[in-house]
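Here is the structure we will look at.
Right, here's the structure in full:
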């Protein structure tokens with residue numbers, strides 16, 4: 001994604017793996033990582049902690065953002081790389097400090113102390129010891145550090161692992177309070193940080209104090225969407241606009257499935273369609289009462305639809321067997337024509353991989369629709385950012401200020417001189433301009449392309465597909481057509497710290513396992529109802545609902 005959400009496939013994989021947990025309330029369990037210092041933010045405290053928002057207008061996008069509801073905004077689009085790489089930071093931000101960093105990396109880790117790192121240290125005026133760690137094992141690496149109280153000076157903690165990291169407990173004990181430096185107008189000392197939308201900063205506030213610095217923030221965050229093979233649909237004369245209800249989609253599945261010739265309409269789509277039935281992301285409030293997803297009939301209606309989809313034979317057998325790793329391969333090869341996933345899937349890399357399998361390949365996505373075909377389309381918004389970096393609590397005030405100046409450099413807008421350096425390196429050494437687009441050299445591919453610095457801080461996301469502007473047009477057009485369907489779920493963007501027992505109940509692993517078997521046609525909806533009944537009593541579900549009612553809803557409202 002560079003900075004732009006559509007360019008890094010890791011986020012699609014990571015968010016999809018985390019499921020909707022990443023998009024709902026951010027949970028941190030008490031215990032296991034030090035004393036719990038943070039609870040739910042109060043409205044007044046949150047307002048006081050958040051930085052002022054001052055948009056950056058130095059670089060104009062080709063496709064401007066479109067506003068939806070409150071905090072809902074499409075990502076700007078760039079059809080080509082800005083020709084004038086404007087510098088947004090004067091001078092060198094650092095003062096010669098030396099700092100350690102740890103960030104996740106879903107890819108090949110670059111060589112240590114390489115020429116790119118050296119060039120970045122020179123540009124930043126500090127020595128950042130970059131130590132990217134394997135993103136696939138990151139959730140097991142970090143707890144070892146926190147248990148030993150040996151965090152680096154600057155660390156990335158993805159929010160979908162907040163519970164495992166006990167981020168709320170680390171806030172103030174191992175993570176530095178940034179409120180005095182960034183709250184309100186204080187952030188204006190760092191203009192590029194001030195240009196990050198307010199919603200993204202909310203994700204880093206714990207106990208009415210600001211701790212986190214956002215990366216890859218966006219006003220258009222959803223758990224995922226339903227994709228289709230646009231090239232094949234057009235060749236068959238099928239318009240996606242004909243899908244206005246769940247029944248329409250089921251009927252299309254029947255039309256497209258040709259099992260004898262190895263073609264099935266669907267891959268696994270459950271996680272990204274059930275809100276069409278009116279099911280909440282996790283919670284809803286009905287006449288003042290807090291209701292869990294599992295207690296709603298809309299949840300069971302969505303399960304029933306997916307169960308019928310599977311048993312009708314419209315879903316690829318490998319998907320029913322739980323093989324998600326090869327979903328893209330099936331989609332590229334035309335073995336499935338409708339799939340689902342995070343919005344990070346819609347990118348240049350996807351277009352290239354698809355074209356390698358079929359030169360006509362083109363990804364599309366259905367517009368958000370309501371299952372009954374009559375209700376207003378609605379999709380729950382995710383947090384403003386799912387990736388937050390933190391500074392070590394043991395840093396001195398002057399060190400924090402130095403690193404915030406570095407973060408301000410890293411958050412320079414798309415196409416700026418600083419952004420180009422961070423994402424492509426030194427011109428002539430790590431990249432060259434090819435047809436107006438920065439293109440990595442062999443050295444750049446080895447040292448820069450597997451990005452590390454953006455996990456410390458980035459600007460708000462933009463959409464860019466170098467050399468293939470059609471992908472940018474398609475994705476931004478879809479966002480613009482659907483931004484008004486975005487709505488805040490209950491407890492939107494609220495950091496909730498809860499006791500370990502409630503955090504375990506919230507995971508509801510037994511229900512999730514039964515649900516997975518149901519949507520794959522192996523168990524019935526009634527089996528899920530039984531699993532939920534057991535979860536509510538022996539699994540702690542009722543206590544979770546009671547705790548959340550008393551400690552969140554009644555004290556702090558819905559966050560909407």
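In the UniProt record's numbering, the protein residues as written are 1 to 560.
Beta carbons are placed, not taken as given, at the ideal position from N, Cα and C, and that holds for glycine.
In terms of alpha-carbon separation, which member of the options lies closest to residue i?
i	options	result
residue 550	317, 316 and 291	291
residue 329	339, 215 and 405	339
residue 297	532, 51 and 539	532
residue 55	231, 216, 188 and 417	188
residue 238	461, 517, 412 and 366	366
residue 267	385, 334, 143 and 457	334
residue 624	177, 413, 380 and 43	Since the first residue shown for the chain is 1 and the last is 560, residue 624 is missing from the structure and cannot be characterised.
residue 49	446, 185 and 426	185
residue 561	60, 535, 520 and 75	This structure leaves residue 561 out entirely; the chain is present only between 1 and 560.
residue 148	507, 132, 307 and 165	165
residue 315	286, 278 and 262	262
residue 408	62, 89, 384 and 142	89
residue 477	309, 364 and 231	364
residue 136	411, 249 and 105	105
residue 218	260, 242 and 196	196
residue 66	486, 228 and 450	486
Taking the continuous alpha helix (DSSP H) assigned at residue i, which residues delimit it?
i	result
residue 144	138-147
residue 90	Residue 90 -> no alpha helix (DSSP H), and no H or E assigned at all.
residue 296	Where residue 296 is concerned, there is no enclosing alpha helix (DSSP H), given that its DSSP letter is neither H nor E.
residue 535	525-537
residue 352	348-357
residue 118	115-124
residue 506	500-507
residue 201	198-202
residue 47	43-49
residue 71	Careful: residue 71 lies outside any alpha helix (DSSP H) and carries neither H nor E.
residue 318	317-320
Which class does residue i belong to by DSSP, given the choice of helix, strand or coil?
i	result
residue 440	strand
residue 387	strand
residue 376	coil
residue 520	coil
residue 277	helix
residue 488	coil
residue 229	strand
residue 14	With a pLDDT of only 41 at residue 14, under 50, the local geometry of the prediction cannot be trusted, and the value read off the model is given with reservation. Helix, per DSSP.
residue 24	Unreliable placement is indicated for residue 24, whose pLDDT of 40 sits below 50; no coordinate value is reported for it.
residue 555	helix
residue 541	helix
residue 480	helix
residue 367	coil
residue 400	helix
residue 80	coil
residue 157	strand
residue 61	coil
residue 152	coil
residue 395	coil
residue 326	coil
residue 286	strand
residue 205	strand
Using 9 Å as the threshold, is the C-beta distance between residue i and residue j below it?
i	j	result
residue 440	residue 424	yes
residue 311	residue 264	no
residue 156	residue 102	yes
residue 346	residue 475	yes
residue 202	residue 494	yes
residue 98	residue 126	yes
residue 555	residue 40	yes
residue 183	residue 64	no
residue 128	residue 393	no
residue 216	residue 386	yes
residue 154	residue 548	no
residue 389	residue 212	yes
residue 198	residue 341	no
residue 479	residue 114	no
residue 437	residue 466	yes
residue 116	residue 443	yes
residue 362	residue 241	no
Starting from residue i, follow the beta strand (DSSP E) in both directions and report where the run begins and ends.
i	result
residue 103	98-105
residue 130	127-134
residue 337	336-341
residue 214	213-215
**Request:** Ignoring anything shorter than 3 residues or poking outside the stretch 403-467, list the beta strand (DSSP E) runs there in chain order.
**Result:** DSSP runs (the beta strand (DSSP E)) wholly in the stretch 403-467: 431-434 and 437-440.
**Message:** Going residue by residue through the stretch 230-272, where are the continuous alpha helix (DSSP H) segments of at least 4 residues, counting only ones entirely within it?
**Reply:** Within the stretch 230-272, the runs of alpha helix (DSSP H) at least 4 residues long that lie entirely inside it are, in chain order, 230-236 and 246-256.
**Item:** alpha helix (DSSP H) runs wholly inside the stretch 163-195, at least 4 long, in chain order
**Value:** Fully enclosed alpha helix (DSSP H) runs of 4 or longer: 167-170, 179-182 and 191-194.
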